[in-house]
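Numbering (my numbering), first residue to last: 1272 to 1501.
A short write-up of the structure that comes next.
Take a look at the structure:
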C-alpha cells in the first residue's frame, strides 16, 4: 500500500436553507469560503485523484470549484443524501458545511402574512444530523477519515470534544464565531484542531485561504503519522 492510500477528498461547504414559505427561510451566515479554499488546495496538491465538492447556498463565488466534482444543494436533507451517495473507501471527508438544525415539515405555499402584529408560531423539527447519519455506513469503509467542524459562541472546546466523540470523528476543527470579526461571513478565522487522541493544534488567526491550506497540510501529516503506526 502506498504512503498516501486515500485518493479522494469529499468537502461539504456553506450553509443550507430550510424554507418556511416562498420568501423566507432558516439559515446562517456561512459563506462557504473555508470549504472552497480546502477544495482548491486539495485540487492543487496532486495528492487526490478526485475532489468532491458539495456546497450549500453560501456566497455565489464559492458554489463550485473548477476541476472538482461539484454538487450544489439547498437543504440539509439534500446535502445528507448527496454525501451518502459519495461515501467510499480511501477517502477523507471534511464536513466544513454549517447545515441548518431545524426545518418546517409543511412549507407554506404562499407568503405568510403578519397577523395584526401577533406572534407567529411554527413547529420546527430537527434536520438530519449528517455526521451521525454516516457513522454506520463508514464502518464498512476502509481508510475513511472524518474531519468535522464546530462553530460555537461559547464553551468552544467543550462542545467540540462532545461532538468529536458523539459523531466518532478523527478530528474536529473548533472555532468561535462572531468574535473579533472571525468565523461566519468573514475572510479570517482561527481553528483549534483536536484529534481523537486529544492532540491539539491551533491554526491562525489568518485569512481563510491560508487557514485552509495549513489545515489540509496538518491533517495529511497527522493521518500519515497515524497510518504509519497501524
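Beta carbons: idealized from backbone N, C-alpha and C, even for Gly.
If you're wondering where the values come from, they're calculated on a predicted model, not measured in any experiment.
Coarse secondary structure for residue i, derived from DSSP in three states
{"i": "residue 1464", "result": "strand"}
{"i": "residue 1497", "result": "helix"}
{"i": "residue 1330", "result": "coil"}
{"i": "residue 1445", "result": "strand"}
{"i": "residue 1408", "result": "helix"}
{"i": "residue 1492", "result": "helix"}
{"i": "residue 1402", "result": "helix"}
{"i": "residue 1297", "result": "strand"}
{"i": "residue 1272", "result": "Caution applies to residue 1272, whose pLDDT of 35 falls short of 50 and renders its modelled position unreliable; the value that the coordinates give is listed next. Residue state, collapsed to three classes: coil."}
{"i": "residue 1360", "result": "coil"}
{"i": "residue 1484", "result": "helix"}
{"i": "residue 1397", "result": "strand"}
Identified DSSP bridge partners for residue i
{"i": "residue 1365", "result": "1282 and 1418"}
{"i": "residue 1321", "result": "1279"}
For residue i, the first and last residue of its enclosing beta strand (DSSP E)
{"i": "residue 1381", "result": "Neither: residue 1381 is in no beta strand (DSSP E) and is coded neither H nor E."}
{"i": "residue 1308", "result": "Counting along the chain, residue 1308 falls outside any beta strand (DSSP E), though it belongs to the alpha helix (DSSP H) covering 1304-1316."}
{"i": "residue 1289", "result": "1289-1292"}
{"i": "residue 1371", "result": "Taken as a continuous stretch (DSSP letters only), residue 1371 belongs to no beta strand (DSSP E), as it is neither H nor E."}
{"i": "residue 1343", "result": "1340-1343"}
{"i": "residue 1477", "result": "1471-1478"}
With 16 other Cβ atoms within 10 Å as the buried cut-off, status of residue i
{"i": "residue 1294", "result": "exposed"}
{"i": "residue 1302", "result": "buried"}
{"i": "residue 1315", "result": "exposed"}
{"i": "residue 1500", "result": "exposed"}
{"i": "residue 1313", "result": "buried"}
{"i": "residue 1426", "result": "exposed"}
{"i": "residue 1487", "result": "buried"}
First and last residue of the uninterrupted alpha helix (DSSP H) at residue i
{"i": "residue 1436", "result": "1427-1437"}
{"i": "residue 1356", "result": "1347-1357"}
{"i": "residue 1440", "result": "That residue, residue 1440, is in no alpha helix (DSSP H); it is neither H nor E in DSSP."}
Min CB distance residue i to chain B below 7 Å
{"i": "residue 1332", "result": "Included in the structure is just one protein chain, with no chain B present."}
- [ ] Give a yes or no on contact between the stretch 1424-1436 and the stretch 1455-1468, applying the rule of three or more CB pairs nearer than 8 Å.
- [x] yes
Open item on the list: Would the stretch 1374-1388 count as touching the stretch 1401-1412 if we require 3 or more Cβ pairs under 8 Å?
Closed with: no
Open item on the list: Taking contact to mean 3 or more Cβ pairs, one atom from each stretch, closer than 8 Å, check whether the stretch 1306-1319 and the stretch 1280-1289 are in contact.
Closed with: yes
- [ ] Kindly confirm or deny that the stretch 1352-1364 and the stretch 1317-1325 touch, where touching means at least three C-beta pairs closer than 8 Å.
- [x] yes
TODO: Determine, using beta-carbon pairs with one atom in the stretch 1346-1358 and one in the stretch 1328-1335, whether at least three such pairs fall under 8 Å.
DONE: no
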